[in-house]
Amino acid sequence: MRNAILIKDCTLKNCETDKALNISFKEKLEIARQLENINTDIIETGFADTSQGAFIAVKTIASNLKKSILCCPSQAFKASIDKTYEAIKGAVRPRIHISLPVSSVNMEYQLHMKKNQVVETVRQSISYAKTLFSDVEFTALDATRSDRDFLIEIINTAMDAGATTVGVEDSVGHMLPDEMHSFLTDLIKSIGRDNIAFSFRAKNELGMAVANTLSAIKAGVHQITCAINGTANDASLEETVSAIHTRQDAMNVQCNMLIDQLNRASVLLSGITDIKNGKIRGTAGTGLHISESDLLDKEMDFYSFRTFVERLGYTLTEKDIERIYDMFKELCAKKQQVYTMDIEAIIGREAVQVPRIYRLDRFVINSGNNITSTAFIRLMYYEKPLEGVGMGDGPIDAAFHVIEQIMGMNIELFDFNLKSVTEGKDALGAATVKIRYNGKIHVGRGLSTDVIESSILAYINAVNKMLFEEGIQ
């Protein structure tokens, strides 16, 4: 059997580039920690040079990782490479990642460069990066539509300049698995350098990302790129790792990831975004199926609960565990049966909360099909109670109007949705609220068996995030 396949997760990078994945600084850090907890080999962040906030986020993540490689993408010029170095030089295992498109159409219309200019850009950028980093990765984007000889020239140039990992990306996701296997087998054979790791990333335009990633492994690549829940059209981390784990006989590789804790990362991301949980397949014997053993003891004391959460694979502060335990006891009073997945849904929503400047104390809703909906809400501003009464077009609209009235702020509701995150008639309802303030969108999420309460909690959470990120007290 070959050595373990290296798995790079690009979820954090996707959260920077995909506006649908709007997550806070604390949420990014929690995702990074969870990825390291499940033994992700390489964790890729967003670019460090796009804003001061992005730089601080990358630098903080870099200082918090203990064993995973911290990979940060950089543009192919000196200023960006320097900024990347400043952001991740404190990481235990820092890596810079430079990528450029190599197809004729993208070189012409995206880079506005000729082939010889692209080759020289790769040579200069990788050579300079190597003076700062011992671990340098280069990826040829849109490689499956590029000229084969030019692709080989580009990869050889990157290796000669000092890249320690080189690879290709099927950026349009149009290749079929058998085509991908032939393409990569030929490419790796043509390059033929044993001391260089070869990487691969597939996009999911035709639903082939996981299949193509598995084909890439069988073709001989050393590193693959995935994302939790298949965010931003990448290969699903859960499905890819499950396939490798279940079919080691056919894949002839192992992976270091903890399959029994993989679902935790999926639940966490699902809890803080609108992306649905990934599918963990082929997991017989791993404890990921719902059974009677997932039914929790409603009389569980705090210390037993803390041990239970730790066994699930979550690393939380004492304050977070205390708050989640209080919510567990509240849930026990509302539901006949409480399952592991209920607690994981709560952790996904609550463990990465920003400071709660406002919190819900109580609410009363009066609504019907022949009356105008009214809402009474009492919020706690730190320890000061604030109350309001108002009307609206339905109970949720009335509640939102009252909250805005209490806070005395002009807040635009940008988007709102509601979904069930657990099963049964007493299922937990998850609300997502997006508000716009000063041109910036802030996302809040709430969780409750009462859909009106979850909506109110989501709105308050969005406001607290806005206050935290804007520095408003």
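Counting in the working numbering, the sequence shown runs from 623 upward without gaps. Glycine included, C-beta positions come from ideal geometry on N, C-alpha and C. Quantities reported herein were computed from a predicted structural model and do not represent experimental measurements.
Check                                                                                                                                 : Outcome
Burial state of Gln-618, where buried means 16 or more other Cβ atoms lie within 10 Å                                                 : Any answer about residue 618 is impossible in this case: the structure gives the chain only from 623 up to 1095.
Which of helix, strand or coil DSSP assigns to Pro-716                                                                                : strand
Nearest neighbour of Glu-944, chosen from Phe-1036, Ile-968, Lys-957, Val-960 [CA to CA]                                              : Ile-968
Proximal residues to Tyr-750 (C-beta, below 7 angstroms), its chain only, five neighbours per side dropped                            : Lys-700, Ile-703
N-terminal and C-terminal residue of the beta strand (DSSP E) that Asn-988 is part of                                                 : 980 to 990
Limits of the unbroken beta strand (DSSP E) element including Gly-1051                                                                : 1051 to 1059
Contained alpha helix (DSSP H) runs [length at least 4] in the segment 720 to 779, N- to C-terminal order                             : 737 to 754
Leu-1079 versus Asp-964: straight-line alpha-carbon distance, rounded                                                                 : 17 angstroms
Top-ranked residue by Cα proximity to Met-830, from Gly-842, Leu-809, Glu-801                                                         : Glu-801
Same chain, Cβ closer than 8 angstroms to Ile-660, five either side skipped, listed in chain order                                    : Met-879, Leu-880, Gln-883, Leu-884, Arg-886, Ala-887, Gly-935
Length of the line joining the Cα atoms of Met-735 and Ala-762                                                                        : 15 angstroms
CB of Cys-693 within 9 angstroms of CB of Ala-849, strictly                                                                           : no
Leu-917, buried or exposed, once every other Cβ within 10 Å from all chains shown has been counted against 16                         : exposed
Beta-carbon spacing of Val-788, Ser-837 below 9 angstroms                                                                             : no
Local Cβ density within 10 Å of Lys-681, reported as buried at 16 or more and exposed below that                                      : buried
Three-state class that DSSP yields for Leu-657 in the structure shown                                                                 : helix
Phe-927 - DSSP class collapsed to helix/strand/coil                                                                                   : helix
Neighbour-count burial assignment, Ala-857, 16 or more Cβ in a 10 Å radius                                                            : buried
Phe-1090, DSSP secondary structure in three states                                                                                    : helix
Cβ shell of Ala-1049 (< 8 angstroms), same chain only, five flanking positions each side left out                                     : Ser-1042, Val-1043, Thr-1071
Chain-order list of residues whose beta-carbon lies under 8 angstroms from that of Pro-977 (same chain, five-residue window excluded) : Asn-1086, Phe-1090
Unbroken alpha helix (DSSP H) run spanning Ile-683, endpoints                                                                         : 674 to 686
Proximity of Lys-752 and Ala-783 at Cβ, strictly below 9 angstroms                                                                    : yes
C-alpha distance - Thr-672 paired with Ile-720, whole-angstrom precision                                                              : 15 angstroms
Asp-1019, DSSP secondary structure in three states                                                                                    : helix
Proximity below 9 angstroms, CB of Thr-847 to CB of Phe-805                                                                           : no
Runs of alpha helix (DSSP H) wholly within the segment 817 to 892 (minimum 4 residues, chain order)                                   : 831 to 841, 859 to 868, 870 to 873
Whole-angstrom distance between Glu-1009 and Tyr-980, CA atom to CA atom                                                              : 12 angstroms
Sequence-distant residues of its chain with Cβ nearer than 7 angstroms to Ala-626 (five each side left out)                           : Val-875, Gln-876, Cys-877, Asn-878
CB of Gln-958 within 9 angstroms of CB of Leu-628, strictly                                                                           : no
Exposed unless 16 or more other CB atoms sit within 10 angstroms - verdict on Glu-791                                                 : buried
Length of the line joining the Cα atoms of Phe-618 and Phe-950                                                                        : With the chain covering only 623 through 1095, there is no way to say anything about residue 618.
Status (buried if at least 16 other CB within 10 Å, exposed otherwise) for Cys-637                                                    : buried
Where Tyr-1003 falls, given that 16 or more other Cβ within 10 Å makes a residue buried                                               : exposed
Terminal residues of the beta strand (DSSP E) in which Met-1002 lies                                                                  : 993 to 1003
Between the CA atoms of Ser-685 and Ser-864 - distance to the nearest angstrom                                                        : 30 angstroms
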